[in-house]
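S.K.:
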Amino acid sequence: MRLYEYAIRRLVLMVFVLFMLSLVIFYLTRGLLPPTSALASYITPRMNDTAKLTLAQSLGVATSSCPSFNDFTREMPECIVPLWEQYFLWLKNVLSGNWGYTLLPGITGTETTWDVFFSRFPYTAELAIAGAALTILIAIPFGIVSATHNNKFPDHVSRVISLGGYSVPQFWFGALAQILFVLYIRVNGLGFLPANGALATNCGICISNPGQVFALTGAPVLDGILSGNLAYFWDALVALALPSVTLAITSIGALTRIVRSSMMEVLRQDYILLARSKGLKDRVVIYRHALRNALLPAITISGLLTALLLGGAIVIEIVFSLPGVGNASLVAANVLDINYLELYVLVTALIIVATNLVVDLLYAKMDPRIRY
Amino acid sequence: MTELKETEVPKQKSGSVADVKYAFHLLKENPLVIFGFIISVGSMLVAVFAGFIVDPNTWKHVDLSMRLCWNNPTFNWGIVNVFNCAGPVYALGTDSYGRGVLEMIILGIPLDLQIALEVVASAVFVGVVFGGVAAYAGGVLEEIILRITDIFLAIPGILLAIVLLVILGRSFNILTLAVAITWWPTYLRLMRSQVLSEKEKPYVESLRAMGAGPSRILFRHVIPNSIYPIFVQATLDIGGVILTVSALTFLGFTPSPLIPELGNLANDGIRYLFTAPWLILFSGLTILIISLGFNLLGDGIRDVFDPRLRR
Chain A
930 MRLYEYAIRR LVLMVFVLFM LSLVIFYLTR GLLPPTSALA SYITPRMNDT
980 AKLTLAQSLG VATSSCPSFN DFTREMPECI VPLWEQYFLW LKNVLSGNWG
1030 YTLLPGITGT ETTWDVFFSR FPYTAELAIA GAALTILIAI PFGIVSATHN
1080 NKFPDHVSRV ISLGGYSVPQ FWFGALAQIL FVLYIRVNGL GFLPANGALA
1130 TNCGICISNP GQVFALTGAP VLDGILSGNL AYFWDALVAL ALPSVTLAIT
1180 SIGALTRIVR SSMMEVLRQD YILLARSKGL KDRVVIYRHA LRNALLPAIT
1230 ISGLLTALLL GGAIVIEIVF SLPGVGNASL VAANVLDINY LELYVLVTAL
1280 IIVATNLVVD LLYAKMDPRI RY
Chain B
1037 MTELKETEVP KQKSGSVADV KYAFHLLKEN PLVIFGFIIS VGSMLVAVFA
1087 GFIVDPNTWK HVDLSMRLCW NNPTFNWGIV NVFNCAGPVY ALGTDSYGRG
1137 VLEMIILGIP LDLQIALEVV ASAVFVGVVF GGVAAYAGGV LEEIILRITD
1187 IFLAIPGILL AIVLLVILGR SFNILTLAVA ITWWPTYLRL MRSQVLSEKE
1237 KPYVESLRAM GAGPSRILFR HVIPNSIYPI FVQATLDIGG VILTVSALTF
1287 LGFTPSPLIP ELGNLANDGI RYLFTAPWLI LFSGLTILII SLGFNLLGDG
1337 IRDVFDPRLR R
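Top to bottom, those sequences are chains A and B.
Read left to right, the first sequence gives residues 930 to 1301 (the working numbering).
Read left to right, the second sequence gives residues 1037 to 1347 (the working numbering).
1) Can you tell me which of the three DSSP states B/Tyr1133 falls into?
2) Does any residue of chain A have a CB that is nearer than 7 Å to the CB of B/Pro1192?
3) Going by DSSP in three states, A/Ile1245 sits in which element: helix, strand or coil?
4) In whole angstroms, give me the CA-to-CA distance for B/Met1080 and B/Ser1233.
5) Helix, strand or coil: how does DSSP classify B/Ile1337 here?
6) Between the beta-carbon of A/Ala985 and the beta-carbon of A/Leu968, is there less than 7 Å?
7) Could you give the distance in angstroms between the alpha-carbon of A/Pro970 and the alpha-carbon of A/Asp1266?
8) Using the rule of at least 16 other Cβ atoms within 10 Å of the residue's Cβ for burial, across every protein chain shown, is B/Phe1310 buried or exposed?
9) Mind checking whether B/Val1340 and B/Ala1054 have CB atoms under 7 Å apart?
10) Leaving aside the five residues before and after A/Ser1156 along the sequence, list all residues of the same chain whose C-beta is less than 6 Å from its C-beta, in chain order.
11) Cα-Cα, which of B/Trp1314, B/Val1084 and B/Leu1279 is closest to A/Gly1093?
12) For a cutoff of 7 Å on Cβ pairs, would you count A/Tyr1095 as touching chain B?
13) Note down, in chain order, every chain B residue with its Cβ under 7 Å from the Cβ of A/Gln1107.
14) CA-CA distance, B/His1257 and B/Leu1328?
15) The alpha helix (DSSP H) with A/Ala967 in it runs from where to where?
16) Against chain A, with Cβ distances strictly below 7 Å, would B/Leu1272 count as a contact?
17) When you compare the CB of A/Gly1240 with every CB in chain B, is at least one pair closer than 7 Å?
18) What is the DSSP secondary structure of B/Ala990, reduced to helix, strand or coil?
19) For a minimum of 4 consecutive residues, which ranges assigned as the alpha helix (DSSP H) are wholly contained in the segment 1202-1273 of chain B?
20) If you reduce the DSSP assignment to three classes, tell me which class A/Thr1146 lands in.
21) Per DSSP, A/Thr1041 is paired with what?
22) Which residues of chain A have a Cβ atom closer than 7 Å to the Cβ of B/Gly1275, listed in chain order?
23) Assuming B/Asn1107 and B/Tyr1126 are in contact, meaning their beta carbons sit under 8 Å apart, how far apart are those beta carbons, in whole angstroms?
24) Is it buried or exposed for A/Asn1263, if we count other Cβ within 10 angstroms and need 16 for buried?
25) With DSSP as the reference, label A/Ile1009 as helix, strand or coil.
26) Please list the partners that A/Met1295 has in chain B, where partner means a Cβ-to-Cβ separation under 8 Å.
27) Straight-line CA distance for B/Val1156 to A/Val1260?
28) Could you run through the segment 1324-1340 of chain B and flag, in chain order, every residue whose CB is less than 7 Å away from some CB of chain A?
29) Check the Cβ-Cβ distances between A/Thr1277 and every residue of chain B, and say whether any is below 7 Å.
30) Measure the CB-CB distance between A/Thr1185 and A/Ser1091 and report whether it falls below 7 Å.
31) Applying the criterion that 16 or more other CB atoms from any shown protein chain within 10 Å of the CB defines a buried residue, is B/Asn1093 buried or exposed?
32) Note down the Cα distance separating B/Thr1038 from A/Val1287, rounded to an integer number of angstroms.
33) Under 7 Å Cβ-Cβ, which residues of chain A neighbour B/Ser1282?
34) Who are the neighbours of B/Leu1279 on chain A, taking C-beta pairs under 7 Å?
35) DSSP on A/Asn991, reduced to helix/strand/coil?
36) Taking the continuous alpha helix (DSSP H) assigned at B/Glu1179, which residues delimit it?
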């Protein structure tokens, strides 16, 4: 099989997984919840029962022969459109970008789920990318040091940090950072960091009046650079510091372990012995010869890391009150905003599945031993 | 011709007695494993005897006049508007319902550990059975099972668990179910790879030649011979499950905020982060210690039993 055949096969599988997931999530939100929950984000207080019935019919939830809204709420069999018909109508809408209205901002029937979700998405994306960057920058050197100094002091330190990162509850770490930086350092008048929010306000080391930027991307740090407002950029970066470190700790733990074990495995191979016996320096052997091969297994877990970062973002956004999609998903969960939950789950899944696809293709390209 | 009995087929063991003895020797040599062992056994002992250490009904005594106070003189938080309360000294302060934090943590440990063990046990069971069947049967069945796991691996576990809790209702049983549903694909993949290599061994062929059925070969011979990495992974995962469960209850997916559960206490604490920092500090610290204990134990066991890492 050639690489492009493999790529096509994987692409088909990816579409299949997303399709199956959409079935699962549709069944959970529309099949298990009462049919009226599909209407919740459209109903305004002034609607009477006739208007509600018309609404249900236009949404494709109630049949055209349904006599009254009461019969619909009582789920009379002649009133409810079969679930599979609902699914295909929903799928058609969803694929054309129509995800319905959301319950989130408080005024029902005005804001589309798509707009609300993607106005919040840049914050989460920025947080996750910052977390991923920190993970890579910290975990790979730690893993290498741990492997090259096996069972010596640096190894112990790095193992404790990696295991600790793997075991620490993120909400606790975030809360602790806030207590430390806000409650104590601030009281002592030191350069403290902001406790919450996407742009630093009320903080010791940020610029008091950073001014305004054009909301080009919606992600504060990126907007600051793109509009050339360095004060704004600095403040956004300062505000991102604690949340991204908190988000990264779990994935740092996971990646350090992988890098360590694969590095140890590579260092035991014959070609490393050959490189050493040629008289090459340790640095060259490790970074030139061993590292490239040792990083290959680490690449395979990037799908897992993406899932860790995107899932962890929910907790982090709550702890640091960031206006991202995860924070809103909790509100959506509490008010049963099924449109929002569906969009959130499917976009997250798309990101993870696409990451896996890209990574697997890269892996196949880089490692000629791979048979696919 | 004499008839061979099935029991006469020598079972393949993953290690001899000397090997196991050597493994235990290595385990005893590693201080981190001993540390992890002490923590995990200790937390289980606390869980078993929690009802004897603390009156199990304390959590129902809500006394709002005693809320959020710290009267332990050994430490001063430096918070200006800290509430003071007369009466008995609360070692770790009180929560927003006026209950002692130490008592609530002790009562919370058995609940979290029970949920974690239930989640891991059910995930292991499903993963082992379906992973074994997928690898042994192969073909269409394997393809179907693997594609189903792909669906579950495509979204973060915590997000799927949130959706399930929203739709099925907020109770600890559903919490257990929701987390278990997100956890079994790990074991399925591990079990599948184990069985794939195990089923090619000669003893399986001789079993088949003697007329043993596929389910007998799989469940009586192949799975018992290839299950030990699953147990190692399960030990490693108890910490992760405790973290996921407490994160979910921290986010508010709990039947009642009054129930003493570690994530619940932390949820209470994040609201009073700057007025009563001890609340989240100690409940989170307990989660960290328990989770670290199981991770240290599992990590050490894996290092010792994985022949590639042992030197």
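Using N, Cα and C, we set each Cβ at its ideal position, and we do this for glycine too.
These figures come from a predicted structure and were not determined experimentally.
M.R.: The relevant details are as follows:
1) coil
2) yes
3) helix
4) 35 Å
5) helix
6) Yes. Within cutoff.
7) Correcting the residue identity first, residue 970 of chain A is Ser in this sequence and not Pro. Going by the C-alpha atoms only, they are around 7 Å apart.
8) The residue in question, B/Phe1310, is exposed, as its Cβ has fewer than 16 Cβ neighbours within 10 Å.
9) no
10) Once the five neighbours on either side are set aside, the close Cβ partners of A/Ser1156 are Val1142 and Phe1143.
11) B/Leu1279
12) Yes, its Cβ sits closer than 7 Å to a Cβ of chain B.
13) Leu1309
14) 34 Å
15) No alpha helix (DSSP H) contains A/Ala967, which DSSP labels as neither H nor E.
16) So, not an interface residue.
17) yes
18) Limits of chain B in this structure are 1037 at one end and 1347 at the other, which puts residue 990 of chain B out of reach.
19) 1208-1234 and 1238-1245
20) coil
21) A/Tyr1030
22) Those within 7 Å of B/Gly1275 in chain A are Ser1096.
23) 6 Å
24) exposed
25) The three-state secondary structure of A/Ile1009, taken from DSSP, is strand.
26) The premise fails here: A/Met1295 is roughly 22 Å from chain B at the closest Cβ pair, so nothing lies under 8 Å.
27) Between the alpha carbons of B/Val1156 and A/Val1260 lies a gap of roughly 29 Å.
28) Leu1324, Ser1327, Leu1328, Asn1331, Leu1332 and Asp1335
29) yes
30) yes
31) exposed
32) At B/Thr1038 the pLDDT is 44, less than 50, meaning the model places this residue with poor confidence and gives no usable figure here.
33) Pro1098
34) Pro1098
35) Reading off the sequence, residue 991 of chain A comes out as Ala, not Asn. Strand, per DSSP.
36) Start and end: Gly1175 to Leu1189.
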